[in-house]
Amino acid sequence: MPTRSRPREVASVEPAIRSRYLATVGTTTRRYGAAVTRLPALSVIGTPTKRNALLEVAAEADRRGFAGLASPGVHGNLALCGSLAHVTHEIPFWTSIQPIYHSHHAEVAITAGHLAEVSGGRFRLGLGVSHAPAMDRLGIDTGRPLGDMRAYVEGIRATERASGALPPILLATLRDKMLDLAVEVADGAIWANASRSHTPTQVGRIAGSMRDGFFLGNMVPTVIDADRDAARAIHRRTLGGYVVLPNYRNYWKQAGYAEEMTAIEAALAAGDRDALPGLMTDRWLDDCTISGSPTEVRDQLESWFDIGVLPIAVMSSTSGGQLHAIGQLFELYA
């Protein structure tokens with residue numbers, strides 16, 4: 001795969017900010033007895049009627065020292081990042097991800113430059129190709145993901161004279177070719193719903209000389225509930241929207257779950273979507289999500305740090321919505 005002799009220079013941010021960027025994973029810790037636990041990042045979605053409450057939660061995450069705020073590609077994530085720049089002071093934040101087919105690269109570059117400047121270098125631009133069904137709903141014709149992504153990143157970098165200093169660019173990745181492209185043209189990579197057991201193999205593709213300066217994160221569905229079956233039921237609903245996507249099924253086959261994915265494909269071919277939850281095995285689910293008691297969840301989040309990947313907790317709850325679930329995460333690290 002492509003390698004660099006050294007990490008891509010993040011020359012577009014001030015030296016002090018750059019040093020914080022290059023040491024993202026595992027820098028914020030809390031002590032629990034004799035153990036020191038690193039704080040994860042968390043996903044924040046600006047859903048209608050709850051945006052102001054979410055900004056209060058984001059400010060609280062900043063005060064508590066969480067590792068970052070990730071804004072998924074729904075409900076205007078660049079707009080949310082504009083608000084995050086002003087209600088937080090220390091915490092990094094990023095789009096996770098901004099779909100490249102939604103906006104022209106020049107507009108995104110100028111917005112990204114603005115966010116990087118007004119946040120003091122805390123913003124990062126996460127880009128992705130999104131998913132075919134989402135693009136189809138919008139009537140957007142897409143091309144070849146790797147070629148389109150390469151061209152989009154090149155276009156953004158070529159716009160720097162108009163945008164001002166650009167933030168680090170992160171690419172959404174699943175399989176090896178997009179990870180290789182991220183290593184070649186970007187400053188980091190973000191998975192979503194990645195297999196914990198398979199990720200070390202992919203991390204091993206990145207040359208050791210650049211791992212310290214290359215951002216790696218995973219958006220991991222997380223439910224804090226000692227009733228594992230109840231938590232898994234939430235995860236099955238969450239991942240039900242992903243197992244219908246061919247690119248995700250191909251990734252999970254590569255990760256060691258060919259039997260589960262083949263059975264799901266057979267059910268989809270038969271038009272039997274009601275069968276899908278029963279085909280999503282606990283073995284697969286527990287490898288791609290986090291659930292359990294507070295101690296179990298904290299240990300599972302910590303395990304992602306151990307393989308060099310920042311866990312980005314995508315919180316759900318068996319007893320409430322997004323804000324309630326994030327509150328449970330705060331309690332976990334109080």
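Numbering-wise (this note's numbering), the sequence shown opens with residue 1 and increments by one. Every residue gets a Cβ at the ideal spot worked out from N, C-alpha and C, and that includes glycine.
| Item | Value |
| --- | --- |
| Distance cut-off 7 Å: residue 91 Cβ against heavy atoms of the ligand SAH | For the ligand SAH, the structure offers nothing, since it holds no ligand at all. |
| Candidates 313, 200, 109, 121, of which the one nearest residue 158 by Cα | 109 |
| DSSP state of residue 228 mapped onto helix, strand, coil | helix |
| Residue 89 burial status per 10 Å Cβ neighbour count (16 or more: buried) | exposed |
| Bridge-paired residues (DSSP) for residue 123 | 93 |
| Bridge-paired residues (DSSP) for residue 215 | 188 |
| CA-to-CA distance, residue 151 to residue 192, given in whole angstroms | 23 Å |
| Inter-stretch contact at 8 Å, needing at least 3 Cβ pairs: the region 239-258 / the region 308-321 | no |
| Within 8 Å, strictly: CB atoms of residue 211 and residue 308 | yes |
| Cβ shell of residue 261 (< 6 Å), same chain only, five flanking positions each side left out | 249, 252, 253 |
| Residue 357 (DSSP reduced to helix, strand or coil) | Here the chain has residues from 1 to 334 only, and residue 357 is not among them. |
| Delimiting residues of the alpha helix (DSSP H) encompassing residue 83 | 77-87 |
| Length at least 4, wholly inside the region 147-189: the alpha helix (DSSP H) runs in chain order | 160-163, 176-185 |
| Cα-Cα separation, residue 244 to residue 190 | 21 Å |
| Option nearest residue 215 by Cα separation, candidates 77, 125, 100 | 125 |
| Residue 315 - DSSP class collapsed to helix/strand/coil | strand |
| Best match in 233, 302, 270, 297 for proximity to residue 285 [C-alpha to C-alpha] | 233 |
| Alpha-carbon to alpha-carbon, residue 238 and residue 68 | 22 Å |
| Residue closest to residue 154, alpha-carbon to alpha-carbon, out of 144, 176, 121, 185 | 185 |
| Straight-line Cα distance separating residue 122 from residue 187 | 14 Å |
| Simplified DSSP assignment, three categories, for residue 346 | Within the shown structure, residues of the chain are numbered from 1 to 334, placing residue 346 beyond reach of any answer. |
| Contacts around residue 335, its chain only, beta-carbon distance under 6 Å, and the 5 residues preceding and following it disregarded | The shown model of the chain, from 1 to 334, leaves out residue 335, and the question about it has no answer. |
| Boundaries of the alpha helix (DSSP H) in which residue 194 is found, first to last residue | Neither: residue 194 is in no alpha helix (DSSP H) and is coded neither H nor E. |
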